[in-house]
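Chains as they are written, first to last, in the working numbering: chain A, 2 to 296; chain B, 74 to 361.
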């Protein structure tokens, strides 16, 4: 539409101002702080790349626990969660309306429980004594004889965190893919059949995915973001940061540990910037895979 | 019909759908079970919380946990009603304001022409990947510099600009026919009138979706209370619930389950009411 030159900016201004203040500026500040030594009281001291060098060479906790944990967590919860979301959406799209809506609602609802509700739920399920439902069920099935203290046993913390994260990962991206699937023109499938597509697998790769690339990309970006954001699960479940013996320590927790427990803000900022960089790299790969811009 | 057998959005039940149910139903049970469990847990009286072997379902539902929850707060200096009041103000503030600014910005980005249009939308797309927890410290410094620490604004302002909201709303506004807007302009309608009379009514599904996303981001948010406020009287319900849940006693467990239910139910109801709007909006969610 035609407008005065100033009109678009007037409409954009409120969003843009808040966007700049609370998203752009903090990000730039984090980048700035990451090159300094800052304890939240004295003025930041410029130290160049020291923080990044320390992160990659000196920080044994980061190298030994945090980085491997984060990558393991992100790869399982990101791509695996994403494939699962697509597979579930694809299956649901072939059902009739009412059962589809009910099942989709149940599968989506865990993603609404992030935060307080989620913590309580899973803490109760994984109580460390006989009265915990997980322990009881496993004892009844004869798999274990002694109750497992889930939240203190370093062998189990990470798998539990991953299960909980996967459980709650069928969120906006899942809904977007389901909507995308439902909107594919049915004639495309018929045309595909004439062109010699013989089975469902071929259909998925030659018709379904190409016709919903934009939703696939949106879903992928959401999967990456929520995978990295879900980092608080471990701390919430075990009730401590760092998690017992760093068993489920992720980058998000490492940032809080350094920023708010040790007040090494500059160092924490360097970890933040690395985290944002990592998220961006993952999303960039997703874009390369699904972008439909140049077709 | 397609040879592959994929039939999208079928009208009738067909025996081809049985295999799908065979795995979708167990998965749905796995996804739903913890939620069903916590709902039952919240209504269990003390002896059932203690019961061994533990029971999944409640047999004599009682409101004991909810009573305990409210009684604990009656003894403390700040009653639970205060936390509820704070949560309502903050939640309504965030949902309302984020819808207003996202629809305005979405209108500009979708239907108006200006130099920075492309770059602004691109930056917003990149910001879809923004993870707020990664920049908590600079955010704290910003809020401190603005002088709004320990006020309602510290809860509200940081959460209003939601890149996902703007993105979904803008994509949806793209679907509003230009001819409608042009016709209104011919009759002398101003940009603001068009926004109010055409854009808002025609983007209701996207607004509902944005409202849900904003609601979810604020309703269970503990961070703003934890980090940006220091006086108890200004903190919100999820923060308070969180302090309860860290109590490890069995009584605490029952109260925590009750608290979890209170936090979860509004979320669920809102989504159920608006689910068809959400699905409608999601159809436009693609990133090209």
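Note that the Cβ used here is the ideal one computed from N, Cα and C, for glycine as well.
When the distance is taken between beta carbons, is residue j closer than 9 Å to residue i?
i	j	result
residue 243(B)	residue 179(B)	yes
residue 99(B)	residue 27(A)	no
residue 278(A)	residue 223(A)	no
residue 299(A)	residue 232(A)	The question about residue 299(A) has no answer, for chain A in this structure spans 2 to 296.
residue 285(B)	residue 338(B)	no
residue 316(B)	residue 232(B)	no
residue 13(A)	residue 193(B)	yes
residue 162(B)	residue 238(B)	no
residue 176(B)	residue 280(B)	yes
residue 266(A)	residue 107(B)	no
residue 63(A)	residue 73(A)	no
residue 106(A)	residue 344(B)	yes
residue 162(A)	residue 276(A)	no
residue 66(A)	residue 247(A)	yes
residue 241(B)	residue 357(B)	yes
residue 9(A)	residue 190(B)	yes
residue 133(A)	residue 127(B)	yes
residue 152(A)	residue 158(A)	yes
residue 270(A)	residue 40(A)	no
Taking C-beta pairs closer than 9 Å, name the residues in chain A that residue i reaches, listed in chain order.
i	result
residue 108(B)	107, 110, 111, 114, 118, 122
residue 359(B)	177, 181, 213, 214, 215, 216, 217, 218, 219, 293
residue 187(B)	4, 6, 8, 9, 10, 13
residue 346(B)	Those do not exist, as residue 346(B) stays about 12 Å from chain A at its closest Cβ, beyond 9 Å.
Just reading off the alpha helix (DSSP H) that residue i is part of, what are its end residues?
i	result
residue 233(B)	225-233
residue 255(A)	252-257
residue 114(B)	91-115
residue 203(A)	201-204
residue 357(B)	Element bounds for residue 357(B): n/a, residue is neither H nor E.
residue 258(B)	251-259
residue 284(B)	277-292
residue 261(A)	No alpha helix (DSSP H) contains residue 261(A), which DSSP labels as neither H nor E.
residue 67(A)	Unbroken run through residue 67(A): none, as it is neither H nor E.
residue 283(A)	266-291
residue 16(A)	8-20
residue 298(B)	296-301
residue 244(B)	236-246
residue 265(B)	264-267
residue 226(A)	214-230
residue 83(A)	82-93
residue 155(A)	155-168
residue 197(B)	190-200
I want to verify the contact list: residues of chain B whose CB lies under 7 Å from the CB of residue i, in sequence order.
i	result
residue 137(A)	126, 127
residue 350(A)	In the structure as shown, chain A starts at 2 and stops at 296, and residue 350(A) therefore has no counterpart that could be examined.
residue 242(A)	Going along chain B, no residue has its Cβ under 7 Å from residue 242(A), so there is no contact; the nearest lies around 12 Å.
Using a cut-off of 9 Å between C-beta atoms, extract the partners of residue i located in chain B.
i	result
residue 168(A)	103, 104, 107
residue 70(A)	Chain B residues near residue 70(A): none, gap ~16 Å exceeds 9 Å.
Hey, how far is the Cα of residue i from the Cα of residue j?
i	j	result
residue 117(B)	residue 125(B)	13 Å
residue 150(A)	residue 156(A)	10 Å
residue 46(A)	residue 208(B)	19 Å
residue 288(B)	residue 126(A)	27 Å
residue 6(A)	residue 264(B)	12 Å
residue 85(A)	residue 282(A)	22 Å
residue 331(B)	residue 112(B)	8 Å
residue 83(A)	residue 111(A)	15 Å
residue 60(A)	residue 69(A)	13 Å
residue 170(A)	residue 259(B)	48 Å
residue 295(A)	residue 359(B)	With a pLDDT of 48 at residue 295(A), under the threshold of 50, the modelled position of this residue cannot be trusted; read the value that follows with caution. One C-alpha to the other measures close to 15 Å.
residue 155(B)	residue 246(B)	39 Å
residue 257(B)	residue 140(B)	57 Å
residue 21(A)	residue 11(A)	15 Å
residue 78(A)	residue 253(B)	44 Å
residue 230(B)	residue 167(B)	8 Å
residue 4(A)	residue 267(B)	12 Å
residue 225(B)	residue 164(B)	11 Å
residue 75(A)	residue 188(B)	38 Å
List, in chain order, every chain A residue whose beta-carbon is nearer than 7 Å to that of residue i.
i	result
residue 231(B)	23
residue 114(B)	125
residue 270(B)	Per Cβ cutoff of 7 Å: no residues; residue 270(B) is ~14 Å from chain A at best.
From the DSSP output, in three-state form, read off residue i for me.
i	result
residue 47(A)	strand
residue 159(B)	helix
residue 37(A)	strand
residue 146(A)	coil
residue 136(A)	helix
residue 222(B)	coil
residue 23(A)	helix
residue 208(B)	helix
Just the chain B side, please: which residues come within less than 8 Å of residue i by C-beta, in chain order?
i	result
residue 134(A)	110, 127, 129
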